[in-house]
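Report on the following structure.
Residue numbers (the numbering used here): 19 to 195.
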């Protein structure tokens with residue numbers, strides 16, 4: 019007997035709180051926390067390059083000192099718009115201590131939920147020009163030819179862009195977690 023297949027959405031309207039895309043909003047848990055204010059932009063596209071207008075992007079990050087257990091609330095959520103675009107306002111994370119005396123480069127973990135996916139996809143956003151990118155253990159586990167799919171590029175002062183391709187040529191590297 020066959021059973022119906024189901025995907026993870028698109029039911030984002032039930033869990034979409036647009037204010038969660040602004041981690042620095044005045045009435046939010048991070049109001050008044052110091053650090054370098056940044057905007058993270060991106061566009062989610064499918065294998066044909068068409069925008070994914072009904073995806074949800076979640077952001078998880080450390081605080082500017084590279085800690086996950088401080089006062090900074092490093093979680094955000096943003097639905098993509100009709101052009102597949104997402105936008106977060108947050109603080110730039112600091113280097114995160116890894117096993118041994120190694121530091122992970124400043125990064126943001128992104129989870130993507132979209133129509134056609136049975137579970138979320140997870141990737142990382144690294145910042146172009148960070149010296150620690152050269153020794154980051156996760157980034158260096160990715161083949162050199164594909165690392166660029168994880169590197170956000172500056173797009174004006176304090177603004178970084180990482181476009182995400184779900185499959186096909188130029189597919190973003192996704193992590194198994």
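The C-beta atom is built at its ideal place from N, Cα and C for all residues, glycine as well.
- Between residue 192 and residue 141, the beta carbon gap of about 5 Å places them in contact (Cβ cut-off 8 Å).
- Going by beta carbons, residue 38 and residue 94 fall inside the 8 Å limit.
- Residue 101 counts as exposed, since fewer than 16 other C-beta atoms from the protein chains shown sit within 10 angstroms of its C-beta.
- Distance between residue 60 and residue 170, taken at the CA atoms: about 9 Å.
- The C-beta of residue 79 has 16 or more other C-beta atoms within 10 Å across all chains shown, which makes the residue buried.
- When DSSP states are grouped into helix, strand and coil, residue 42 belongs to the coil group.
- Each residue's CA atom was taken as its position, placing residue 83 and residue 195 some 24 Å apart.
- Restricting attention to beta strand (DSSP E) runs no shorter than 3 residues, the segment 136-182 encloses them at 139-145, 169-172 and 177-179, ordered along the chain.
- In the three-state scheme derived from DSSP, where H, G and I count as helix and E and B as strand, residue 76 is classed as strand.
- DSSP, read as helix, strand or coil, puts residue 103 in strand.
- For residue 54 and residue 85, the gap between their C-alpha atoms comes out near 15 Å.
- Bounds of the beta strand (DSSP E) holding residue 127 are 125-131.
- The count of Cβ pairs closer than 8 Å, one atom from the segment 110-129 and one from the segment 39-50, stays below three, leaving the stretches out of contact.
- Residue 118 and residue 152 have their C-alpha atoms spaced approximately 17 Å apart.
- Annotation: the continuous beta strand (DSSP E) that includes residue 60 extends over 55-63.
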